[in-house]
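Scroll down for the structure; my scribbles are underneath it.
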Amino acid sequence: MATVEFRVAERPHITVDSEVCRSCITKACVHACPAQLFVPTSDGGVLFNYEQCFECGTCYMVCTGEGALTWSYPEGGHGVVFRRS
Amino acid sequence: MADAVDVVVAGAGPAGAAAALVAARAGLRVLLVERGPFPGAKNMYGGVIYPRVLDTLLPDWWDEMPVQRWVTRRATMVLAEAKALTVEFRGEDWDAPPYNGATAYRADFDAWLAGKAVDAGAQLVCSTTVTGLLRDASGRVTGVRTDRPDGDIRAALVIACDGVNSFLAKEAGLYDEWSLSHFTVGVKEVLALPREVLEDRFNLTGDEGLDIEILGGTQGIPGGGFLYTNLDTIAVGVVLSLAGLRDSGRRPEQIIAALKQHPAIAPLVRGAELKEYSAHTIPEGGMDGMPGLAADGMLVAGDAAHLCLASGIWLEGVNFAIGSGALAGETAVEAVRAGDTSAHALRRYRHRLDDSFVLANHRKLRGAHKLILGQRAQTRYPELACGIAQRVFTVTDPQPKAGMRRWIHAERKRAGVRLRDLVKDGWTGWRTFG
Chain A
1 MATVEFRVAE RPHITVDSEV CRSCITKACV HACPAQLFVP TSDGGVLFNY
51 EQCFECGTCY MVCTGEGALT WSYPEGGHGV VFRRS
Chain B
1 MADAVDVVVA GAGPAGAAAA LVAARAGLRV LLVERGPFPG AKNMYGGVIY
51 PRVLDTLLPD WWDEMPVQRW VTRRATMVLA EAKALTVEFR GEDWDAPPYN
101 GATAYRADFD AWLAGKAVDA GAQLVCSTTV TGLLRDASGR VTGVRTDRPD
151 GDIRAALVIA CDGVNSFLAK EAGLYDEWSL SHFTVGVKEV LALPREVLED
201 RFNLTGDEGL DIEILGGTQG IPGGGFLYTN LDTIAVGVVL SLAGLRDSGR
251 RPEQIIAALK QHPAIAPLVR GAELKEYSAH TIPEGGMDGM PGLAADGMLV
301 AGDAAHLCLA SGIWLEGVNF AIGSGALAGE TAVEAVRAGD TSAHALRRYR
351 HRLDDSFVLA NHRKLRGAHK LILGQRAQTR YPELACGIAQ RVFTVTDPQP
401 KAGMRRWIHA ERKRAGVRLR DLVKDGWTGW RTFG
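These protein sequence lines are chains A and B, in that order.
Residue numbering for the first sequence follows this note's numbering, starting at 1 and increasing by one per position.
Residue numbering for the second sequence follows this note's numbering, starting at 1 and increasing by one per position.
Structure follows, in structure tokens:
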């Protein structure tokens, strides 16, 4: 059987500059992220939760806001683990 | 400063494991660095591996490879609104050596293949993320930086097998023409069914497996779907063009949900329990998306080199990763022995790829990606095919059967397919696949 587990690192591997997001009209990350980790905030920004990230890259690829996302892999041994249960 | 190792391989997926295996077998000092807690931990795919490439690398691989089911039936399903047309091939000899394809879990397969590299003498270090390249004043790659304390590793050659996002290839300046149109995202659900129920439902015996590729059924977003059988789970998912997904305003999980509700799919997944939901991006641009493959002191292989074949009827990635990784390993052996790992010396890697199935297939199928993800192939042709099939099999008494010519004409009008486009796409398809 297959299962997915998240070994959450202390440091977020992706950060969002909500200032940049405020001027973004598409906010494609909000619907495109397969893990639904981007949430629009009431002030027009975007809130990101890194804990259950698949590390797939969809968000930075569809993002059109220059400098809105900084993207790296979590520190070794952390983040998503696709494993046998 | 002396190099700690001859070759450092970033990423212990199929490309990295194959590169490390070949280089270590030839006696090189090889360090294989993996950011997951074990090889395969970060890797996700639809579910089928075509291991023919292993015949020379690991003879009798089928006695050892961790397999879920041997694919003995390949089906292509074309979905239209409430209609489906399926073509299925059954090959009983695919259930015996030398086999053709198998479903497998990557946590099993990748760990097994990396284990072969370790057996050959490579040193595997897991839970270690490569964070960047070490370079000298001339810009030549001299090793990698990792997130371990004192984690710089110097090597004569770096082989970047760090996957679809390949930050190493980007850092080395090899991706100068990055385009969103070259990438898709695959999202997948793994659904559990008791083994007997699964085998009854799909008419499978023993370790036989079924592979269904689906065209249409992605709600107008360019892409496709799949359904594969494992031992006691089924993998069902969709692959979506990232540009199409971005512009659609839809969520990927909504597209899977819609596919699972299609009348042709719903009975197959009924009552199955969701075990895993996952996603991964896929390099689908073929030759058009391929980065530079060599820099001074560095080679790129597998998904990192965009060497994944997505051409409609042939959807292959793991074999292309192994093939390119092995050739990177061969090139590494030659270059390290000769004491020359300059980009000029490493161009032999490209020659090897050109002479192998890896780039021969990519050259031949260069146009397939655009054809398959085009609007006509995605929505109009599935409508056309299903519509014609329905007319052929509908009994119209007391009217006599109108005949193929009229049916095709009527359905072409209904689906909005111009004869000119049909002929043009048919010719492109024939040149590509013929």
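C-beta: ideal position from N, C-alpha, C; glycine also.
These numbers were taken from a predicted model, which means no experiment stands behind them.
- Nearest C-alpha to W62 of chain B among B:G367, B:A10 and B:W94: B:W94.
- Identification of chain B residues near G44 of chain A by a Cβ-Cβ cut-off of 9 Å yields none; the smallest Cβ-Cβ distance measures about 18 Å.
- For the pair V22 of chain B and T379 of chain B, the Cα-to-Cα distance works out to about 44 Å.
- Taking 8 Å as the upper bound on Cβ-Cβ separation, chain B lies near residues T26, A28, H31, A32, P34, A35 and Q36 of the segment 18-44 of chain A.
- In terms of Cβ geometry, C59 of chain A and F38 of chain A form a close pair [threshold 9 Å].
- For W178 of chain B, no alpha helix (DSSP H) segment is defined, and its DSSP state is neither H nor E.
- One finds F82 in chain A with Cβ atoms closer than 9 Å to the Cβ of N43 of chain B, taken in chain order.
- T233 of chain B has a beta carbon lying within less than 9 Å of a beta carbon in chain A.
- Per DSSP, A111 of chain B lies in no beta strand (DSSP E); the unbroken alpha helix (DSSP H) holding it starts and ends at R106 to D119.
- From the beta-carbon of T15 of chain A, no residue of chain B is found nearer than 9 Å; the closest lies around 16 Å away.
- Separation of A96 of chain B and R195 of chain B (C-alpha to C-alpha, rounded to the nearest whole angstrom) is 21 Å.
- Along the segment 168-193 of chain B, going in chain order, the ones with a CB nearer than 8 Å to a CB of chain A are L180, F183, V185, V187, V190 and A192.
- Closer than 9 Å to the CB of K275 of chain B there is at least one CB belonging to chain A.
- Close CB contacts of H280 of chain B within its chain, under the 8 Å cut and outside five residues either way in sequence, are with N43, M44, Y45, V164, V185 and G186 (chain order).
- Using a CB distance cut-off of 9 Å, V8 of chain A does not count as an interface residue toward chain B.
- Membership of M77 of chain B in the beta strand (DSSP E) is indicated by the continuous run R69 to A80.
- Close partners of C56 of chain A in chain B (Cβ separation under 7 Å): V185, A279, H280 and T281.
- Under the DSSP definition of a beta bridge, W71 of chain A partners with A:I14.
- Relative to L168 of chain B, the option among B:I408, B:I265, B:G297 and B:T56 whose CA is nearest is B:G297.
- Here the alpha carbons of L371 of chain B and D108 of chain B stand approximately 34 Å from one another.
- Proximity of G249 of chain B to chain A, defined by a Cβ-Cβ separation below 9 Å, is satisfied.
- Using a Cβ-Cβ cut-off of 7 Å, A2 of chain A is close to Y105, V190, T233, K275 and E276 of chain B, given in chain order.
- Contact between G285 of chain B and S181 of chain B holds, with the beta-carbon distance rounding to 7 Å and staying under 8 Å.
- Between the alpha carbons of G36 of chain B and K27 of chain A lies a gap of roughly 30 Å.
- When the beta-carbon positions are compared, R74 of chain B and G91 of chain B come within less than 9 Å of each other.
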